[in-house]
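Protein chains: 2
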Amino acid sequence: MPTSGLMPRVTLREVADHAGVHPATVSRALNPETQAMVNSETLARVLASARELKYQTNTIARSLRTQRSLTVGVLIPDIMNPLFPSIVRGIEDTLDKADYTSLIAYTDGRADRVTARLDRLRQRGVDGLIVATAQLRDPTLEALLEEGVAVVQVNRRSTSRLIPSVTADAAGGMLAAIRHLAELGHERIAYAGAPLRVSTGRARIDAFRRGMRAVGLELASERIEQTESVSVGEGARVGRELLERDPQLTAIVTANDLIALGCYDAVREAGRDCPADVSVIGFNDMPFTDRFDPPLTSVHFDQYEMGATAAAMLLRRLAGEESGAPRVELETTLVVRASTAPPPRA
Amino acid sequence: MPTSGLMPRVTLREVADHAGVHPATVSRALNPETQAMVNSETLARVLASARELKYQTNTIARSLRTQRSLTVGVLIPDIMNPLFPSIVRGIEDTLDKADYTSLIAYTDGRADRVTARLDRLRQRGVDGLIVATAQLRDPTLEALLEEGVAVVQVNRRSTSRLIPSVTADAAGGMLAAIRHLAELGHERIAYAGAPLRVSTGRARIDAFRRGMRAVGLELASERIEQTESVSVGEGARVGRELLERDPQLTAIVTANDLIALGCYDAVREAGRDCPADVSVIGFNDMPFTDRFDPPLTSVHFDQYEMGATAAAMLLRRLAGEESGAPRVELETTLVVRASTAPPPRA
DNA sequence: CTGAAAGCGCTTACAG
DNA sequence: CTGAAAGCGCTTACAG
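The listed protein sequences correspond, in order, to chains A and B.
Numbering (this note's numbering) for the first sequence: 1 to 346.
Numbering (this note's numbering) for the second sequence: 1 to 346.
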């Protein structure tokens with residue numbers, strides 16, 4: 001037996017024949033928007049036939065006719081990055097409720113792949129886009145906007161104020177992190193950041209600087225460094241560098257949990273202990289941080305909600321209910337675990 | 001400006017006009033399968049026009065006509081379960097190369113949701129299915145088979161030998177785990193398993209029993225227990241029960257890393273230490289197990305490859321190149337970390 | 001080798 | 001309120 005595809009087997013035509021009406025009438029009866037224009041007896045008959053024959057609309061045919069695919073493209077760096085599964089799940093659950101389906105595309109953090117991915121999504125005729133891959137300056141996104149495509153940014157955002165976004169409040173989380181360290185008695189606090197070409201990297205270092213000033217601590221440039229990419233390996237490299245430049249530092253605040261994990265390695269390699277000698281703080285509070293050795297103190301935000309919010313914003317846009325470009329910032333909180341402790345006594 | 005959707009803006013018709021040929025000719029020229037039947041000069045002209053106008057095929061229109069969507073449904077319990085991101089990525093990368101796109105649907109481990117998810121996939125006209133949600137007895141899957149739909153099972157499989165599958169070799173991994181413990185000197189080895197209605201649960205307990213016999217160790221029924229669902233909480237519950245029933249046990253082999261994590265909790269609650277008092281072994285080797293406290297000894301297999309293999313099998317099937325029902329078992333290896341050690345001296 | 005026609009399964013202006 | 005027609009953008013037998 002040849003394979004056949006999983007598809008609706010009964011057409012509108014067949015329901016129409018069964019109910020003794022014209023296909024157009026069936027179409028009207030089945031669509032909530034137009035249902036009102038069909039006589040209630042006819043309606044009942046059509047509905048009965050549809051149910052009896054187990055009619056299901058062929059989305060492809062409908063899409064071709066309506067020029068709407070009920071499909072949304074989702075651009076993310078990589079689903080294997082533990083930040084994204086919850087965001088994606090939040091997006092998909094929300095889209096699902098509105099009968100939309102998402103088409104996921106991965107860029108692996110390479111800006112040059114975005115265009116290729118977008119081309120594929122274009123061929124599929126997505127109605128809108130949720131992008132977690134925004135660069136700070138992102139001409140591709142601006143071109144999309146130009147084209148009139150509905151797009152919402154999630155997690156990161158570009159500088160264009162015309163594109164809606166849902167991001168985590170860096171300022172709040174960072175300030176809480178620094179306050180926490182200050183209260184423990186830390187003064188020589190270092191910062192291991194994410195690349196500055198991306199809004200999260202930019203926002204978090206700015207927040208770190210502002211936070212340090214707010215608490216009245218010294219901002220030494222030798223205690224600030226950025227990774228080239230967000231990974232454990234890069235975190236370790238930067239961690240080593242910071243520890244070498246200032247062996248007296250007692251805490252490292254990072255822009256990401258993976259970077260924090262790398263700092264764990266750097267601290268250990270230096271023959272020092274976290275948290276006894278050096279405290280480390282992460283950002284994102286990814287799954288299982290509480291299981292790490294030591295359990296990681298990290299800035300938390302609700303990733304599922306981030307995805308859900310972005311999807312809801314896009315849906316509103318697609319429904320024509322929203323034309324502004326809201327910039328939602330999700331609340332961040334510091335989750336204190338065991339990677340932070342008072343500095344060693346001098 | 002109203003939103004417009006990201007879709008191809010130039011049609012076959014426009015390319016035809018530009019090249020001075022009939023749309024059918026453009027279609028033939030652009031499709032590798034039929035390209036041979038067009039004159040090389042015409043071909044060149046059409047290709048030039050297509051490139052110049054940046055033509056992209058409208059997949060929706062093509063799908064309606066060909067009755068193939070170039071789309072595959074992927075049924076998984078939950079992308080937030082750390083086992084799945086790599087599998088999904090393996091699937092999507094492989095499908096992508098063949099110009100297929102995947103539509104992901106979540107069941108949250110609830111069999112009753114499968115039908116609803118399948119209905120939605122049906123409306124979208126998926127060409128085939130990759131399911132990570134197989135029950136041991138799975139009438140839904142058999143019905144799909146009956147219908148002639150191409151389906152491949154991944155990670156789990158049903159008892160039907162008619163459906164292809166890609167799973168992890170439980171026997172090999174389990175034997176390696178038990179040998180490792182036996183070599184360390186363990187004798188009272190307990191087992192914390194996964195639900196038996198699912199093939200992974202079934203296969204792993206069978207493998208555990210066979211492994212224990214192979215090594216000549218006693219299989220005490222009070223040292224064997226299954227979770228109701230695969231989660232840290234259930235792992236803790238079963239772990240507690242095992243420790244209570246046999247306080248002398250010195251090792252717990254589990255069917256899953258999350259269960260193993262729960263056993264960590266149970267061991268700790270009992271005032272004992274892993275690995276000094278009780279060794280614990282996981283299964284799946286999910287991401288970041290090496291960062292746990294203690295780093296988890298676990299049975300490893302290549303999850304990305306599992307997904308990639310399943311997708312490749314489905315593609316072959318869809319291409320009509322394969323009509324059997326291969327059951328691929330991926331190699332498993334034991335990754336020894338710090339959650340296993342010799343048993344305490346009596 | 002190329003064109004003209006039909007049709008995939010819908011929806012929606014347009015008549016009546 | 002319902003029907004008949006057109007058409008979304010393709011592909012593919014069928015002629016020539």
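Note that CB positions come from ideal geometry on N, CA and C, so glycine has one too.
| query | result |
| --- | --- |
| Under 8 Å (Cβ pairs) to chain B, residues found in the segment 42-71 of chain A | Gln56, Thr57, Asn58, Thr59, Ile60, Ala61, Ser63, Leu64, Gln67, Arg68 and Ser69 |
| Exposure label - B:Ser221; buried when at least 16 CB within 10 Å | exposed |
| Contact list for A:Gln153 against chain B, beta-carbon separation under 7 Å | Under the 7 Å cutoff, chain B gives no residues; its nearest Cβ is about 15 Å from A:Gln153. |
| Sub-8 Å separation of A:Ser86 and A:Gln248 beta-carbons | no |
| The segment 89-108 of chain B in contact with the segment 36-50 of chain A per 3-pair CB rule at 8 Å | no |
| Proximity to A:Leu145 [Cα-Cα], best of A:Arg156, A:Ile130 and A:Asn155 | A:Ile130 |
| In DSSP terms, what B:Glu329 is bridged to | B:Thr167 |
| Endpoints, the beta strand (DSSP E) within which A:Ser221 is located | No beta strand (DSSP E) contains A:Ser221, which DSSP labels as neither H nor E. |
| Identity of the residue in B:Asp206, B:Thr332, B:Glu329 and B:Val198 nearest B:Pro77 by Cα | B:Val198 |
| 3-residue-minimum beta strand (DSSP E) runs that sit fully inside the segment 128-168 of chain A, ordered along the chain | 128-131, 150-154 and 165-168 |
| Contact set between the segment 78-100 of chain B and chain A, restricted to residues whose Cβ is under 9 Å from the partner | Asp78, Ile79, Met80, Asn81, Pro82, Phe84, Pro85, Ser86, Val88, Arg89, Glu92, Asp93, Asp96 and Asp99 |
| Contacting residues, own chain, Cβ-Cβ under 6 Å from B:Gly125 (five flanking each side not counted) | Ser69 |
| 9 Å Cβ cut-off: residues of chain A touching B:Asp293 | Arg291, Phe292, Asp293, Pro294 and Pro295 |
| Residue ranges of each beta strand (DSSP E) within the segment 248-292 of chain B, 3 or longer | 251-254 and 279-284 |
| Whole-number beta carbon distance between B:Arg327 and B:Ser165, since they are thought to touch under 8 Å | 5 Å |
| Candidates A:Val26, A:Arg204, A:Arg122 and A:Gly90, of which the one nearest B:Val10 by Cα | A:Arg122 |
| Proximal residues of chain B, C-beta to C-beta of A:Arg124 below 8 Å | Thr59, Ile60 and Thr101 |
| Residue-level contact to chain B via CB, A:Pro373, 8 Å cutoff | The displayed coordinates of chain A run from 1 to 346. Any statement about residue 373 of chain A would go beyond what the structure contains. |
| Chain B contact residues for A:Val149, given Cβ-Cβ distances below 8 Å | Thr3, Ser4, Gly5 and Leu6 |
| Test: A:Phe288 CB closer than 8 Å to a CB of chain B | yes |
| Helix, strand or coil at A:Ser229 [DSSP, three-state] | coil |
| Three-state secondary structure assigned by DSSP to B:Leu103 | strand |
| Where the beta strand (DSSP E) through A:Gly193 begins and ends | Ile189 to Gly193 |
| Whole-angstrom distance between A:Ser231 and A:Glu225, CA atom to CA atom | 14 Å |
| Residues near A:Val38 in its chain [Cβ-Cβ closer than 8 Å; skip 5 each side] | Thr25, Arg28, Ala29 and Val46 |
| Contact list for A:Gly73 against chain B, beta-carbon separation under 8 Å | Leu6 |
| Which of helix, strand or coil DSSP assigns to A:Ser323 | coil |
| Chain A within 8 Å of B:Leu261, Cβ atoms only | yes |
| Any chain A beta carbon closer than 8 Å to B:Ile281 | no |
| Delimiting residues of the alpha helix (DSSP H) encompassing B:Ile91 | Phe84 to Lys97 |
| Residue-level contact to chain B via CB, A:Asp127, 8 Å cutoff | yes |
| Closest by C-alpha distance to B:Ile281, when choosing among B:Val152, B:Gly193, B:Ala214 and B:Asp112 | B:Gly193 |
| Selection from A:Leu219, A:Ala203 and A:Asp257 that minimises the alpha carbon distance to A:Phe288 | A:Asp257 |
| 8 Å Cβ cutoff, A:Arg316 in contact with chain B | no |
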